[in-house]
Structure formats: C-alpha cells, structure tokens
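Reading through the structure tokens given below for one structure.
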Amino acid sequence: MESGWPRNRSSIPSSPSHLLLAHLLHKEIRLQENVTDISVYVINAWFFGIYSFFHENAEIWGNVISYYVLKETDNGTKIIVPDETLLQCGVNFCGRSPDIANPNLKPPSEEKRYILTDDSSCEDNVKNDKEKPRLSANLLIATFEHMKNRDQLLLIPLSFYCGLADGFYNCDFTKSYIACAWGISQVGHVTICYGVVSAVMDCSSGSLVKWLTRIPVFLLAGLRAPHNVHHPAAVATPVRQLRPLLSFFQECME
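Residue numbers for the sequence shown follow the working numbering, so the first one is 267 and each next one is one higher.
What follows is the structure in structure tokens.
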C-alpha cells in the first residue's frame, strides 16, 4: 500500500494555477479600487473570499459525487473490521501495515476510477475573446523585485505552512482517520463538513477584515490551527468513539 504523502510532482500543476489566480484577482482588485473608496485590503479579502467560496462549493459537490460513486453496493453487506486493525488507524497509522490487512483501504475498481475521471473532465471551456496576454521579461523581473519587500518575504513561511497543511489534510488525515476507520467511500461524505465551514468562513472573511482589521483575523487563525492539529487530546480519540458521529453523517446523506 502506497503512502499517502504527496509526490514531488504534485506541486507542478499547483504552483502555476495559484500564480495565475493571484494575478487575475490582483487585476480585478485594482479595477475595483479605482471606482470605490474602500480600502484595498478589504477589497482583497472580499475577492479572495468570493473565489474561495465557489472553490469550496465545488469541493462540496465533488465530495458528494465521489461518495455515491465509491459507495459500496454489495447487497448491503457490512464489512467487519477487527479491533486490532482499527487500532492501527488515527495517530497510530504509519502509511502501510503489511502484517494487518485492512479491508477499508481496499482500492476502488477501475470502473469507478474511470467514472470519477469522466465526471471531473466534463467541464465547459472558458472562452475569452480578448487578446491573449504575452510573456514579458519585465513581468518576471518585477516578480523578483517584490522579494525586496519585507512583507513579501514574510509570506513565504505562510505559503510553506499552507502547503504542509493541505498535504496533511488531503492525504494523511483523510487516509488515517476516515478511510482506515470507515472506508475510502466515506472520505468524500465526511469532508463535506469541512467544505461547508470553509465556504461560510470565506464569505465572512471580507467583513471580518473590515471590522476587525487583518492582524486580529490572522492571529485568531494562527492560534487556533496549531491547537487542532498538534494537541494530543485532539488526535488521541479512539476510532470506535468516532463511529456514532460518522453514522450520523451517513444518515444525513441517505
């Protein structure tokens, strides 16, 4: 069984997409700044919040689709996993357990893989009649000149932290806490809650920055996130105690 850590090639498509996103939103923010007297920091939070809302909304529906595609339909047969196997989940999960086979981590069939791939490919192409932007050496030089700004340098550790957090949540957490304990088909339907909360907070980020300013919002997020991830009491819950909560989510989906 392969480890859930992202591969080195995972960042190849991610980095250009985030750069393009920041560039397009920056252009729209500058246009909006010229027609309003609202602070550019508030406009920036609003625009990125709107984008993140639709991004998380897509994650919600994507998780719904993946749940029903990967859902087991073997005449209602319930998979019984021994307690010894479940004890290898959660904080004790090491990525691979050669001595203890876990049926919850059984890979989906090729048919289901193709269905998920086809669903993700059925998207409309975004057409733009405007002139396509050209590559410019001045733009590349201007990008490196931003490194002289202290604020830009301070964003680099934050970018590393966000990347590590995404890798931990999307790979380690979903595999060790959800897939290992309940099955890969339940990953999408449990993480819907994360998408809903993220979408609500994304819509609220602009207003929070406007009324509280950016520093309190960043401090609140920075103080709360490490507690949830690294606090021993938050991750030491036995897997069996999570079953009632997961069953509640399943009833909501039926």
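Glycine is no exception: its CB is placed at the ideal position from the N, C-alpha and C atoms.
Check for me: the alpha helix (DSSP H) holding residue i runs from which residue to which?
i	result
Ser318	306-336
Leu352	349-352
Leu474	458-478
Leu421	416-433
Enumerate in chain order the residues of its own chain whose CB-to-CB distance from residue i is below 6 Å, with the five nearest sequence positions on each side excluded.
i	result
Val523	The structure shown does not extend to residue 523, since the chain spans only 267 to 520, so no value can be given for it.
Ala311	Ser471, Gly472, Val475
Asp417	none
Leu424	none
So residue i packs on residue j, CB below 8 Å; how close in whole Å?
i	j	result
Ile458	Ile326	6 Å
Leu465	Asn329	Reading the sequence as shown, one finds Ala at residue 465 and not Leu. Actually they do not touch by this definition, with Cβ atoms about 12 Å apart.
Tyr307	Arg480	6 Å
Just how far apart, CA to CA, sit residue i and residue j?
i	j	result
Ala408	Ile295	19 Å
Leu291	Met413	20 Å
Gly429	Leu297	30 Å
Cys437	Ile444	11 Å
Gly454	Asp432	16 Å
Gly461	Thr440	14 Å
Ser375	Lys337	11 Å
Tyr304	Trp477	Per the sequence presented here, residue 304 reads as Ile, with Tyr not at that position. Their Cα atoms are separated by approximately 12 Å.
Pro348	Pro373	19 Å
Leu406	Asn415	16 Å
Thr351	Asn368	6 Å
Leu486	Glu411	31 Å
Cys446	Phe426	27 Å
Ile346	Gln452	15 Å
Tyr333	Phe313	30 Å
Val463	Asn404	40 Å
Can you give me the Cβ contacts of residue i inside the same chain, cut-off strictly under 8 Å, excluding the 5 residues immediately before and after it?
i	result
Gly530	There is simply no residue 530 to check, as the chain begins at 267 and stops at 520 in what is shown.
Val483	Ser471, Leu474, Val475
Phe319	Ala465, Asp468, Cys469
Could you name the residues of the same chain whose beta carbon sits closer than 7 Å to that of residue i, not counting the 5 residues immediately before and after it, in chain order?
i	result
Ser442	Cys355, Gly356, Phe359
Ile309	Ile295, Gln298, Glu299
What do you reckon, is the C-beta of residue i under 7 Å from a heavy atom of the ligand FAD?
i	result
Ser318	For the ligand FAD, the structure offers nothing, since it holds no ligand at all.
query: How about the region 468-482 and the region 353-360: do they share at least three Cβ pairs that are nearer than 8 Å?
result: no
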